[in-house]
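*Asks:* Basically the numbering used here = 1-based index in the sequence shown + 1096. Virtual Cβ for every residue (Gly too), placed ideally from N, Cα, C. For clarity, every value in this text was computed on a predicted model and none was experimentally measured.
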Amino acid sequence: MTYENIGDRVDLIALFEKGKLEPLKFRWRDRVYRVQRVNGEWVSDEGQTRFYHYSVMTSGPDVYELMYNSSTRVWTLARVCLVG
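1. Taking T1154 as the reference, give the member of W1124, F1147, K1114 with the closest Cα.
2. Going by DSSP, what residue range makes up the beta strand (DSSP E) through G1103?
3. Considering only the beta carbon of each residue, do L1117 and Y1160 sit closer than 9 Å?
4. In its own chain, which residues sit with a C-beta less than 7 Å from the C-beta of A1110, not counting the 5 before and 5 after it?
5. Would you list the one or two residues that DSSP bridges to D1158?
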């Protein structure tokens, strides 16, 4: 397994239902990735900014960490865990 820090801005479509957010798909480098499974989610704080993190899997074996910045309201692909 190899972890690669990315930090690229992504467009993201999510379902927000009953107070919970679920990422459905995201666009990174002109390619659309459909989220097949959310592995986990967590929150981190940096100063006054709260970040919402989601570990997701698409159709392949790799794991993507999506991150939402509550101050800038921007989604980024924080890092990718490349399997294989």
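*Replies:* Per the coordinate set shown:
1. W1124
2. 1098-1105
3. no
4. L1117, E1118, P1119, L1120
5. Bridge partners of D1158: none, in fact.
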